[in-house]
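Participant:
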Amino acid sequence: MSATKHMTYREAVREAIRDALGRDPRVFLMGEDVGHYGGCFAVSMGLLDEFGPERIRDTPLSESGFVGAGIGAAMGGMRPIVEIMTVNFSLLALDQIVNNAATLRHMSGGQFGVPLVIRMSTGGGKQVAAQHSHSLEGWYAHIPGIKVLAPATLEDARGMLWSALEDPDPVLIFEHVLLYNMEGDLAEDAGPVDIDRAAIRRAGKDISLITYGGSLLKTLAAADVLAGQGIEAEVIDLRTLRPLDEATIIESVRRTRRAVIVDEGWRSGSLSAEISARIMEGAFYELDAPVARVCSAEVPLPYPRHLEQAALPQPADIVAAAKALVGGDG
Amino acid sequence: MTTRENKPRLTRDHLLALLRRMLLIRHFEEKCAELYSAQKIHGFLHLYIGEEAVAVGCMEALGPDDAVVATYREHGQALARGIAPGPIMAEMYGKREGCSGGRGGSMHIFDAAARFYGGNAIVGGGLPLAVGLALADRMQGRNRVTACFFGEGAAAEGEFHESLNLAALWRLPVLFVCENNLYAMGSALALTEAQTDIHIKAASYNMNSRVVDGMDVIAVEAAAREAVAGLRAGDGPAFLECRTYRFRAHSMFDAQLYRDKAEVENWREKGPVVRFEKWLRDTGHLHDADLAKIEAEIEAEIEAAVAFAEAGSWEPVEELTRDVYAGSAGR
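Note that the protein sequences, when read in sequence, are chains L and U.
With this note's numbering applied, the first sequence corresponds to residues 1 to 330, in that order.
With this note's numbering applied, the second sequence corresponds to residues 1001 to 1331, in that order.
#1: In terms of residue numbering, what span does the beta strand (DSSP E) encompassing residue 184 of chain L cover?
#2: For chain U, is any of its Cβ atoms less than 8 Å away from the one on residue 169 of chain L?
#3: Please list, in chain order, the residues of the segment 87-98 of chain L that have any C-beta partner in chain A closer than 7 Å.
#4: Could you tell me whether the segment 1109-1120 of chain U touches the segment 1070-1081 of chain U, using the rule of 3 or more Cβ pairs below 8 Å?
#5: Measuring only the C-alpha atoms, how far is residue 322 of chain L from residue 255 of chain L?
#6: Using a Cβ cut-off of 8 Å, pull out every chain U residue sitting near residue 73 of chain L, in sequence order please.
#7: When the Cα of residue 175 of chain L is compared with those of L:8, L:315 and L:2, which residue comes out closest?
#8: Quick check on the burial criterion: 16 or more other C-beta atoms within 10 angstroms. Buried or exposed for residue 1011 of chain U?
#9: Would the beta-carbon of residue 195 of chain L fall within 8 Å of that of residue 149 of chain L?
#10: Which runs of the beta strand (DSSP E), 3 residues or longer, sit entirely within the segment 1169-1193 of chain U?
#11: Cβ-heavy atom distance between residue 1215 of chain U and the ligand FAD below 7 Å?
#12: Is any beta-carbon of chain U found at less than 8 Å from that of residue 68 of chain L?
#13: Could you tell me which residues DSSP pairs with residue 1209 of chain U in its beta bridges?
#14: Could you check the C-alpha separation between residue 144 of chain L and residue 108 of chain L for me, to the nearest Å?
#15: To the nearest angstrom, how far is the alpha carbon of residue 64 of chain L from that of residue 226 of chain L?
#16: Residue 1143 of chain U by DSSP, collapsed to three states: which one?
#17: Could you check how far apart the C-beta atoms of residue 1176 of chain U and residue 1164 of chain U are, in whole angstroms? I think they sit under 8 Å.
#18: Could you please give the first and the last residue of the uninterrupted beta strand (DSSP E) stretch that includes residue 1070 of chain U?
#19: What first and last residue would you give for the alpha helix (DSSP H) that runs through residue 1057 of chain U?
#20: Given residue 1264 of chain U, which residues of its chain have a CB within under 7 Å of its CB, disregarding the five upstream and five downstream residues?
#21: In this structure, what does DSSP give as the bridge partners for residue 1119 of chain U?
#22: Taking the alpha-carbon of residue 134 of chain L as reference, which of L:98, L:85, L:99 and L:97 has the nearest alpha-carbon?
#23: Go to residue 28 of chain L, then tell me how far its beta strand (DSSP E) extends in each direction, as first and last residue.
#24: Which full runs of the alpha helix (DSSP H) of 4+ residues lie inside the segment 90-164 of chain L, going along the chain?
#25: Within 10 Å of its beta-carbon, does residue 335 of chain L have 16 or more other beta-carbons around it, so buried, or fewer, so exposed?
#26: Please list the residues of the segment 141-155 of chain L that have a C-beta atom closer than 8 Å to any C-beta atom in chain U, keeping them in chain order.
#27: Whose C-beta lies closer than 6 Å to the C-beta of residue 198 of chain L among residues of the same chain, with five residues either side of it excluded?
#28: According to DSSP, is residue 1315 of chain U part of a helix, a strand, or is it coil?
#29: Can you name the residues of chain U whose CB is closer than 9 Å to the CB of residue 78 of chain L?
#30: How many Å lie between residue 120 of chain L and residue 90 of chain L at the Cα?
#31: Where do the N-terminal and C-terminal ends of the beta strand (DSSP E) with residue 1081 of chain U fall, by residue?
#32: What is the rounded straight-line gap between the Cα of residue 1323 of chain U and the Cα of residue 1101 of chain U?
#33: Between residue 1286 of chain U and residue 1229 of chain U, what straight-line distance do the alpha-carbon atoms span, to the nearest angstrom?
#34: Can you tell me which of U:1134, U:1275, U:1039 and U:1161 puts its alpha carbon nearest to the alpha carbon of residue 1213 of chain U?
#35: According to DSSP, is residue 1107 of chain U helix, strand or coil?
#36: Chain U partners of residue 106 of chain L, CB-CB under 7 Å?
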């Protein structure tokens, strides 16, 4: 077994960026405050000194402008990593992401691809209220032409970026704000990981808990509680939100015959709705109970801690939803 | 600065080539209108008639390695760039032999060999792409230029301002060409802009910016050559506001209730083709026989383009989802 290094998720992302910059001269990082400030979540701290202002490129507050420039640079032969501070700010760049990055290959008859990676933070829990806390990755997962990743572990934070950069199409990576300080041990030789399969983070036979990103730790905590009560929950980390690894989901649900989807996005018109529908399409006759969902309350995320926490999915909510399904089996 | 190298070459051959290119666009567009009425072309169709001098003049300043980003009114740019009329017409038809494989239609002409990056139909959406293409050239040490065409309507979009700022901030070799035809679809410039001199906005971003008579192909070529010389010398981006006019409707659905017929007629008299032809005749560069020969060649070229499109094939429905992602096959 190889040696390990203790680090945070933030450091794992930084290592991934540093590694990519070292591997490929076409790679550069561009975004608001990525250079002199060190990144709004300190992800790129120190990289400006190491790689210089051409490759650690501070941009004006022009999300549409610099995301579009990233698309153009990717078409021009570079491999840009564009950082957007939060998914809420990415809405200012929706035109470039949806109308250009996602369409150019198909619309040009396959002549122009956009090998671009866009990283952004997502999610609530830091009491920064309704314009910095939302989970809109499910929206992006609606769009053909882009891929959507949600690294929830140190291994994925370290390994998904290079795989995304090698992908010939635009890839969006969503980093949950509460994960940046997560600590753990990562293999010294940790490297690229696949970006097309879900992972079973905990095996179980009684129920499938399907989640991703910032909700993975909460779901694993809920699974621990359930185990103490005699319910063996399987926890699926989707990892890739588009394309969905439907095979892993369906295979798990066919075995456990019950499913709870845990998604920090809102329930209406959501990724959780999509997964639920796919389970109906692929495993309806194997189900012993209706699919359940634990999502954020349908409100703009409020500032005070007690209200914010009430709005977000919590382990107790997941436990309650799971027990309701298993109990329903009589 | 104007030097011997970036002055237009006023040889007879060059002048007749400019005329020929403008006439090719004019007649190609007239044919497109006819084919639209015959229901061979569908969807939106935006004709370049009246604005020919802008594309033809500007393209003279570009080399084969330079890039072009255009709008949904881009047939003129595509033809002036030298993309063959056949694949452009086949694209209008939606045929597989079209220059975007039929996927894009009239508004989305792409051609990798010509470094022609669309065909972008979101107003203002092409400008950031041009900035990125120029950034890639800069970072890879290539002395290339990216020309980005857009209408004056784009000046009201945030992406216009974001892109001009980025290009100037990073001193990137982008030639921004504003085709000011006075109407954003049906909204007159004065009804939509507080500052109607678009080049002044660009100058405020600390770049070379000037206005030129977009109905005068020689003036456009001269201005573009001068601007591109500056780009290649590392002066940062340049901005050309070309004052022009669209003789036809915005698209084939436009009843043109927003402008007087007299205004259109007045501009037609100042049209780029009629004016250039007259000047060529007055200066002894053009005779009836020359024009007849050019017109006959163009007619044959357009007939061949239509025949090419007619003979083209429809992409099998099984290939519907091909190229959504690299390597994605049909369903």
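Note that the Cβ used here is the ideal one computed from N, Cα and C, for glycine as well.
Facilitator: In terms of the structure at hand:
#1: Going by DSSP, residue 184 of chain L is part of the beta strand (DSSP E) stretching over 183-187.
#2: So yes, residue 169 of chain L belongs to the interface.
#3: Absence of chain A from the displayed structure is noted, the protein chains being L and U.
#4: Yes: the two stretches touch, three or more of their Cβ pairs being nearer than 8 Å.
#5: C-alpha separation (whole angstroms): 16 Å.
#6: Within chain U, the residues near residue 73 of chain L are 1132, 1133, 1135, 1136 and 1139.
#7: Comparing Cα positions, the closest option is L:8.
#8: Within a 10 Å sphere around the beta-carbon of residue 1011 of chain U sit fewer than 16 other beta-carbons, which makes this residue exposed.
#9: Result yes, Cβ atoms of residue 195 of chain L and residue 149 of chain L sit closer than 8 Å.
#10: Taking only runs of at least 3 residues, the beta strand (DSSP E) segments lying wholly in the segment 1169-1193 of chain U are 1174-1180.
#11: As presented, the structure is devoid of all ligands, the ligand FAD included, so that no description of it is given.
#12: Taking CB atoms only, residue 68 of chain L has a neighbour in chain U less than 8 Å away.
#13: Under the DSSP definition of a beta bridge, residue 1209 of chain U partners with U:1239.
#14: Cα to Cα, residue 144 of chain L sits roughly 15 Å from residue 108 of chain L.
#15: Between residue 64 of chain L and residue 226 of chain L, the C-alpha separation is close to 45 Å.
#16: Correct three-state label for residue 1143 of chain U: coil.
#17: Contact between residue 1176 of chain U and residue 1164 of chain U holds, with the beta-carbon distance rounding to 7 Å and staying under 8 Å.
#18: 1067-1071 is the span of the beta strand (DSSP E), which, as asked, contains residue 1070 of chain U.
#19: 1052-1059 is the extent of the alpha helix (DSSP H) around residue 1057 of chain U.
#20: 1247.
#21: Per DSSP, U:1070.
#22: Nearest option by C-alpha distance: L:85.
#23: Start and end: 27-31.
#24: Segments of the alpha helix (DSSP H) lying fully in the segment 90-164 of chain L: 104-107 and 137-140.
#25: Nothing can be reported for residue 335 of chain L, as the shown portion of chain L is limited to 1 through 330.
#26: Those would be 144, 145 and 147, in chain order.
#27: Once the five neighbours on either side are set aside, the close Cβ partners of residue 198 of chain L are 236, 238, 239, 245 and 248.
#28: In the three-state DSSP reduction, residue 1315 of chain U falls in the coil class, being neither helix nor strand.
#29: In chain order: 1132, 1135, 1136, 1139 and 1140.
#30: For the pair residue 120 of chain L and residue 90 of chain L, the Cα-to-Cα distance works out to about 8 Å.
#31: Looking at the DSSP string, residue 1081 of chain U is not in any beta strand (DSSP E), and its letter there is neither H nor E.
#32: Distance between the alpha carbons of residue 1323 of chain U and residue 1101 of chain U: 11 Å.
#33: Whole-angstrom Cα-Cα distance: 30 Å.
#34: Closest option to residue 1213 of chain U, Cα to Cα, is U:1275.
#35: The three-state reading of DSSP puts residue 1107 of chain U in helix, counting H, G and I together.
#36: Within 7 Å Cβ-Cβ: 1103, 1323 and 1324.
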